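J.: First the structure, which I've put down as structure tokens, then a few questions once you've had a look.
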Amino acid sequence: MHATRSYCSCLLLAALAAGCATPPPPLPVPDEVTAPAPEYIPVVRYGRYTLVELTPKAAQQDLLLQVVDVSIPNTLHANVAGALRHVLQRSGYQLCNGPETDALNDLPLPAAHYHLGPLQLRDALLTLAGPTRALHVDHTARRVCFSQPLDTPAEPTPTAPLQGPFPTVGEPQP
5 MHATRSYCSC LLLAALAAGC ATPPPPLPVP DEVTAPAPEY IPVVRYGRYT LVELTPKAAQ
65 QDLLLQVVDV SIPNTLHANV AGALRHVLQR SGYQLCNGPE TDALNDLPLP AAHYHLGPLQ
125 LRDALLTLAG PTRALHVDHT ARRVCFSQPL DTPAEPTPTA PLQGPFPTVG EPQP
């Protein structure tokens, strides 16, 4: 008797716990279901277990996305324009001629720029030219040019000489 009562109590508790829960209504189905069409990408078997997609890579379509790892030869008279020409040697692009390029001939190459990479070609060119120059690319002629914005002075303004006494090495400082 006691077992039957506890059995009934358990059933009652289970029924109360379940409650009158009804499943949520189904979402309305639109009249036209647009499933994304699978894009056909041609592949070819390359080896026993490898399939290769027959599509060009992004760096092959946009040559400025190719990754370069360049070391500029250690020459005594390395300048920024020479380093740009060296980076562009096997890229498919060339540095354009003009007054901006002539201005880059006058800039010495910083020691930090003798080795660049691995980074994208666009970033390497912008790094070499400096933050004040803008990159212009003519994709049809495959030329790379740089311009300096009009609001940026071409010549640095002279700074005032430092004033005041400077302690020498070994002098006690207050």
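Residue 5 is where the sequence shown starts when you use the numbering used here, and the numbers rise one by one after that. For every residue, glycine included, the Cβ atom is placed at its ideal position computed from N, Cα and C. Predicted model, so just to flag it, every value in this text is computed and none were measured.
If contacts are defined as beta-carbon pairs under 8 Å, then residue 71 and residue 122 qualify, I think. What distance do you get, rounded to the angstrom?
T.: That belief holds up - the Cβ atoms of residue 71 and residue 122 are roughly 5 Å apart, short of 8 Å.
J.: Using the C-alpha atoms, what's the distance from residue 64 back to residue 133?
T.: Roughly 24 Å separates the two Cα atoms.
J.: Since I believe residue 88 is in contact with residue 125 (beta carbons under 8 Å), could you give me their beta-carbon distance rounded to a whole number of angstroms?
T.: So it is not a contact: roughly 11 Å between Cβ atoms.
J.: For residue 50, which residues of its own chain have a beta-carbon under 6 Å away from its beta-carbon, when the five flanking residues on both sides are left out?
T.: Answer for residue 50: 56, listed in chain order.
J.: Look up residue 107 in the DSSP assignment and say whether it is helix, strand or coil.
T.: Helix.
J.: Drop a sphere of 10 angstroms on the beta-carbon of residue 48, count the other beta-carbons inside from all chains shown, and report buried for 16 or more, exposed for fewer.
T.: It counts as exposed.
J.: Residue range of the beta strand (DSSP E) that residue 138 falls in?
T.: From DSSP, the beta strand (DSSP E) with residue 138 extends over 138-142.
J.: Is it true that the CB of residue 96 sits closer than 8 Å to the CB of residue 147?
T.: No.
J.: Do residue 149 and residue 140 have their beta-carbon atoms positioned less than 8 Å apart in this structure?
T.: Result yes, Cβ atoms of residue 140 and residue 149 sit closer than 8 Å.
J.: Could you work out which residue in 109, 61 and 60 is closest to residue 81 when comparing CA atoms only?
T.: When only C-alpha atoms are compared, the closest one is 109.
J.: List in chain order: all unbroken alpha helix (DSSP H) runs of 4+ residues lying wholly within the stretch 32-85.
T.: Listed in chain order, they are 62-65.
J.: What residue range does the alpha helix (DSSP H) around residue 126 cover?
T.: Where residue 126 is concerned, the enclosing alpha helix (DSSP H) stretches over 125-133.
J.: Using the Cα positions of residue 100 and residue 86, report the straight-line distance between them to the nearest angstrom.
T.: For residue 100 and residue 86, the distance between alpha carbons rounds to 12 Å.
J.: Please identify the residue among 61, 28 and 106 whose C-alpha is closest to the C-alpha of residue 83.
T.: Here the closest residue by C-alpha is 106.
J.: In the DSSP assignment, find the beta strand (DSSP E) that holds residue 147 and state where it starts and stops.
T.: Unbroken beta strand (DSSP E) run through residue 147: 147-151.
J.: Measure the CB-CB distance between residue 136 and residue 120 and report whether it falls below 8 Å.
T.: No; because the gap between Cβ atoms is not below 8 Å, this pair is not in contact.
J.: What three-state label does DSSP hand residue 113 in the structure shown?
T.: If DSSP states are grouped into helix, strand and coil, residue 113 belongs with coil.
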